[in-house]
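Peer 1: Before I ask anything, let me first share the structure, which is written out below as structure tokens.
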Amino acid sequence: MAMLLAILTFMCFAALDTGAKYLVTAGYAAIFVVWCRFISHTVISFIAFQGWRRADMYRVNNMPLQVLRGLLLPATTLFNFMALRELQLAQTISIFLSVPMLVTAMAGPLLGEWAGPRRWAAIMVGFIGVLIVVRPGTDVFSLAIIWSILAATTYSLYSIVTRKLAMQESQPSLVFYSSIFATVLLAPPALIYGQVPGSTFDWLLLASLGAFGLGGHALLVKASRLASASKLAPFVYSQLLWMTGLGFIVFGDVPDGWTMVGASIICISGIYIMNRERQIARNERKLAALG
């Protein structure tokens with residue numbers, strides 16, 4: 001059941017990116033699409049968590065980090081949606097799958113969780129995979145690629161901040177504030193550059209973005225209660241299959257061979273890092289039990 005929920009989680013995230021790509025390529029401003037994604041997320045989460053009766057939803061123990069987290073998530077979404085205007089879904093997800101490696105690299109200076117030589121070797125191999133996907137110095141490398149790299153970087157920072165806050169804040173608080181900050185901050189530019197959707201389908205698609213985002217996070221939480229994070233982590237790479245399939249079905253996109261080679265290297269490197277971290281955690285628990 002946990003595996004099924006994990007697969008459905010990343011299907012939701014793939015559907016979110018597919019809907020966003022459809023909207024931004026149809027002419028809607030990326031910042032308007034991002035704002036619609038978060039305003040629907042805010043409304044749905046308020047209803048889902050029964051915000052009118054949950055005091056812990058509004059309680060904040062570390063406001064500076066909550067604000068920083070609330071800025072990083074919309075920045076990630078905006079960068080990703082801007083990249084989707086030009087890149088295939090398979091390209092953006094291939095770059096985005098470098099996040100576990102970036103988090104491992106950043107966790108040392110930011111959290112004091114330093115990686116060993118084996119994990120650093122896997123990070124370097126994964127970086128080679130990213131270079132194969134983006135191919136600097138060729139026609140493939142463009143501003144859209146830079147947007148996608150920025151999305152992966154800001155999301156890595158978001159993941160680290162979330163890790164620091166996980167022990168300090170409640171889950172409803174983390175979900176609510178990450179969306180309400182984006183909704184408020186992006187409202188002025190979104191209303192300036194936005195436009196009234198031209199069809200019922202566009203209205204529904206804009207509203208569904210928040211549902212897919214919140215639904216994916218809710219499924220992931222449910223899966224995490226049934227299985228350990230280390231067992232669920234490799235399923236993030238199933239998103240590559242979803243994105244490639246949806247990219248072909250909806251847009252007729254077929255990723256080239258170099259993109260698939262680079263994506264495969266990134267996946268192998270990321271899975272190795274996750275497995276290595278699981279082994280280290282297991283050894284630490286054994287030592288603690290003996291000590």
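Numbering (UniProt numbering), first residue to last: 1 to 291.
Where a beta carbon is used, it is the ideal one built from N, C-alpha and C, also for glycine.
(1) Looking at the structure shown, is residue 96 part of a helix, part of a strand, or coil, going by DSSP?
(2) Which residues bound the alpha helix (DSSP H) around residue 59?
(3) For the structure I just gave you, are there three or more beta carbon pairs, one from the segment 69-76 and one from the segment 111-131, closer than 8 angstroms?
(4) Would residue 214 and residue 44 be called neighbours here (beta carbons separated by less than 8 angstroms)?
(5) What span of residues does the alpha helix (DSSP H) with residue 161 cover, start to end?
(6) Using the rule of at least 16 other Cβ atoms within 10 Å of the residue's Cβ for burial, across every protein chain shown, is residue 21 buried or exposed?
(7) Rounding to the nearest angstrom, what Cα-Cα distance links residue 81 and residue 148 in this structure?
(8) The alpha helix (DSSP H) that contains residue 173, what's its start and end?
(9) Buried or exposed: residue 69, going by 16 or more other Cβ atoms within 10 Å of its Cβ?
(10) Just verifying my parser: in three-state terms, what is the DSSP assignment at residue 277?
(11) For residue 3, name the three-state secondary structure that DSSP assigns.
(12) Below 6 angstroms CB to CB, which residues in the same chain sit around residue 181 once its five sequence neighbours on both sides are set aside?
(13) Starting from the C-beta of residue 114, find all residues in its chain whose C-beta is less than 7 angstroms away, skip the five residues before and the five after it, and write them out in chain order.
(14) Can you tell me which of the three DSSP states residue 17 falls into?
(15) What span of residues does the alpha helix (DSSP H) with residue 196 cover, start to end?
(16) Helix, strand or coil: how does DSSP classify residue 225 here?
(17) Does the Cβ of residue 47 have 16 or more other Cβ atoms within 10 Å, making it buried, or fewer, making it exposed?
(18) Take residue 133 and list the residues in its own chain whose beta-carbon comes closer than 8 angstroms to its own, dropping the five residues that flank it on each side.
(19) Straight-line CA distance for residue 54 to residue 222?
Peer 2: The relevant details are as follows:
(1) By 1-based counting over the sequence shown, the position of residue 96 is 96. Correct three-state label for residue 96: helix.
(2) Within the sequence shown, the letter at position 59 stands for residue 59. Unbroken run through residue 59: none, as it is neither H nor E.
(3) Touching, no, given that fewer than three Cβ pairs across the two stretches are closer than 8 angstroms.
(4) Start at 1 with the first residue of the sequence shown, and residue 214 comes out as number 214. Start at 1 with the first residue of the sequence shown, and residue 44 comes out as number 44. Yes, these two residues count as a Cβ contact at 8 angstroms.
(5) Within the sequence shown, residue 161 is the residue found at index 161, counting from 1. For residue 161, the enclosing alpha helix (DSSP H) starts and ends at 143-165.
(6) On the sequence shown, position 21 is the one that residue 21 refers to. Buried is the call here.
(7) As a first step, residue 81 is located in the sequence shown; it is residue number 81 there, counting from the start. As a first step, residue 148 is located in the sequence shown; it is residue number 148 there, counting from the start. Straight-line Cα distance between these residues: approximately 9 angstroms.
(8) Position 173 of the sequence shown, counting from 1, holds the residue named residue 173. 171-193 is the span of the alpha helix (DSSP H), which, as asked, contains residue 173.
(9) Taking the first residue of the sequence shown as position 1, residue 69 is located at position 69. Per the 10 Å Cβ criterion, buried.
(10) The residue labelled residue 277 in the question sits at position 277 within the sequence shown. Looking at residue 277 - three-state DSSP - the assignment turns out to be helix.
(11) Counting from one through the sequence shown, the residue named residue 3 turns up at place 3. Taken through DSSP and simplified to helix, strand or coil, residue 3 comes out as helix.
(12) To locate residue 181, count along the sequence shown from 1; it is residue 181. Same-chain partners within the cutoff: 70.
(13) In the sequence shown, the residue the question calls residue 114 occupies position 114. 108.
(14) As a working note, residue 17 is residue 17 in the sequence shown. Assignment of residue 17 by DSSP, reduced to helix, strand and coil, places it in the helix class.
(15) As a first step, residue 196 is located in the sequence shown; it is residue number 196 there, counting from the start. Unbroken run through residue 196: none, as it is neither H nor E.
(16) The residue given as residue 225 occupies position 225 in the sequence shown. Helix, per DSSP.
(17) What you label residue 47 is simply residue 47 of the sequence shown in a count that begins at 1. Counting Cβ neighbours within 10 Å, residue 47 comes out exposed, since fewer than 16 surround it.
(18) Here residue 133 refers to the residue found at position 133 when the sequence shown is read from its first residue. Taking residue 133 as the centre and dropping the five residues before and after it, the same chain places the C-beta of 91, 94, 95, 258, 259, 262, 263, 266 closer than 8 angstroms to its C-beta, in chain order.
(19) Counting from one through the sequence shown, the residue named residue 54 turns up at place 54. Counting from one through the sequence shown, the residue named residue 222 turns up at place 222. The alpha-carbon separation between residue 54 and residue 222 amounts to approximately 20 angstroms.
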